[in-house]
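So the structure is just underneath, and the comments pick up after that.
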Amino acid sequence: MEPDLDYCRLPPTLLLKVIVTPALITAATLVGRRWGEAMSGWLVGLPLTSGPVVLFLAIEQGSHFASAAALGVVLGVASQAVFALAYIWLGKSDGWMPRALSGTVAFAIATVVFQLIRMPAAIEPLFVFASLLLAIALMPRGRPREKAVPAPRGDLPLRIIVATALVVGLTTVAPVLGAYLSGLILPFPLYAAILAVFAHRLGGLGAATAVWRGLLFGLFSFLTFFTVIALTLVPLGILAGFVLAIISAMVVQAATLVVLRSEPSRN
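The sequence shown begins at 200 in my numbering and counts up by one.
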């Protein structure tokens, strides 16, 4: 009789988190070191974790549940912008910790507001699009470092461990809260916050600002992806909805890259 090995098998969503999270943090870190912090923030704007999570929700809970979660994610994009602005403008000191706390509190407040005051589904993407434009206008351009700062030993493994632990914890708690609220929480800017904190420690507030500004540009593809999912998942089905969303997001991501790289003050 063969032993039961089911207890040794990781659930698909957990396996996805422990594979994708280290890969994304590593890629974003190396991109930031090569092309500047703004590019690392832009890269993590892609829904490389939240997109697959919603896919598993669609498979396990059905298209209607996943579509409702996607609507929450759409508004959660605005909460990410609130986090970024709070990190830059509400911090009372040069240290990263009070600024990260300010961003987290601001994200939580925005989440509660969006949970209590719901708007028509057709209005959500337009509201979030306008919010991103406003956030970019209010976000200062990150100043390049005057000289390269070598990363401390163990910097990359520490980023991977912190990011993976937080992703697993956050996405484990979220489904208990229901589809819409889970969608609002899912876009918490975890990757960008980790990149911004490490950039802040190495290069100061200007480097962290570049990460957040890059993220704001990258969030247009995030918004596009989940807007398409919310609109097409139920009528077109899972496969067609996700394929269309991926294509649309990549087109928008390429367009924002052109705009971001053309800015006169970039890392």
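C-beta: ideal position from N, C-alpha, C; glycine also.
DSSP three-state assignment for Val217, whether helix, strand or coil: Along the sequence shown, read from residue 1 onward, the residue named residue 217 stands at position 18. In this structure, Val217 counts as helix in the three-state DSSP scheme.
Element boundaries [alpha helix (DSSP H), containing Met238]: Along the sequence shown, one-based indexing puts residue 238 at 39. Counting along the chain, the alpha helix (DSSP H) containing Met238 begins and ends at 236-242.
Contact with chain D by Val281, beta-carbon distance below 9 Å: In summary, chain D is missing from the structure at hand, where a single protein chain is found.
Secondary structure of Met318, DSSP reduced to three states: As a first step, residue 318 must be located in the sequence shown, where it is residue number 119. Met318 falls in the coil class under three-state DSSP.
Three-state secondary structure (DSSP) of Ser447: The sequence position of residue 447 within the sequence shown is 248, counting from 1. Three-state result, Ser447: helix.
Cβ-Cβ distance between Ala269 and Ala285 below 9 Å: Taking the first residue of the sequence shown as position 1, residue 269 is located at position 70. Taking the first residue of the sequence shown as position 1, residue 285 is located at position 86. No, the pair does not count as a contact, with Cβ atoms beyond the cut-off.
Rounded C-alpha distance that separates Ala257 from Phe264: Residue numbering aside, residue 257 sits at position 58 when the sequence shown is read from its first letter. Residue numbering aside, residue 264 sits at position 65 when the sequence shown is read from its first letter. Whole-angstrom Cα-Cα distance: 7 Å.
For Phe425, the three-state DSSP class (helix, strand or coil): Indexing the sequence shown from 1 puts residue 425 at position 226. It is helical.
Same chain, Cβ closer than 7 Å to Pro356, five either side skipped, listed in chain order: Reading the sequence shown from its first residue, position 157 is the one you call residue 356. If we look at Pro356 and ignore the five residues flanking it on each side, it has no Cβ neighbours.
C-beta contact flag for Leu274 and Leu414 at 9 Å: Residue numbering aside, residue 274 sits at position 75 when the sequence shown is read from its first letter. Residue numbering aside, residue 414 sits at position 215 when the sequence shown is read from its first letter. For Leu274 and Leu414, no; Cβs fall outside 9 Å.
Cβ pair Phe425, Val451 closer than 9 Å: Taking the first residue of the sequence shown as position 1, residue 425 is located at position 226. Taking the first residue of the sequence shown as position 1, residue 451 is located at position 252. It is not a contact, given that the beta carbons lie outside the stated cut-off.
Completely contained alpha helix (DSSP H) runs for the stretch 261-324, where each covers 4 or more residues: 262-288, 295-315
Ser461 (DSSP reduced to helix, strand or coil): The sequence position of residue 461 within the sequence shown is 262, counting from 1. Three-state DSSP puts Ser461 in coil, outside helix and strand.
Exposed unless 16 or more other CB atoms sit within 10 angstroms - verdict on Leu432: Position 233 of the sequence shown, counted from the first residue, corresponds to residue 432. It is buried - the Cβ of Leu432 has at least 16 other Cβ atoms within 10 Å.
Cutoff 6 Å; reference Thr455; Cβ partners in own chain excluding five residues on either side: Counting from one through the sequence shown, the residue named residue 455 turns up at place 256. Counting only Cβ-Cβ distances below 6 Å, and skipping sequence neighbours, we find Phe416, Phe419.
Euclidean distance between Cα positions of Val348 and Ala392: Locating residue 348 in the sequence shown gives position 149, where the first residue counts as 1. Locating residue 392 in the sequence shown gives position 193, where the first residue counts as 1. The predicted model places Val348 with a pLDDT of 48, which falls under 50 and marks its position as unreliable, so this point remains unresolved.
Rounded straight-line distance, which links the Cα of Glu259 to that of Ile316: Within the sequence shown, numbered from 1, the residue matching residue 316 stands at position 117. Within the sequence shown, numbered from 1, the residue matching residue 259 stands at position 60. Roughly 28 Å between the two C-alpha positions.
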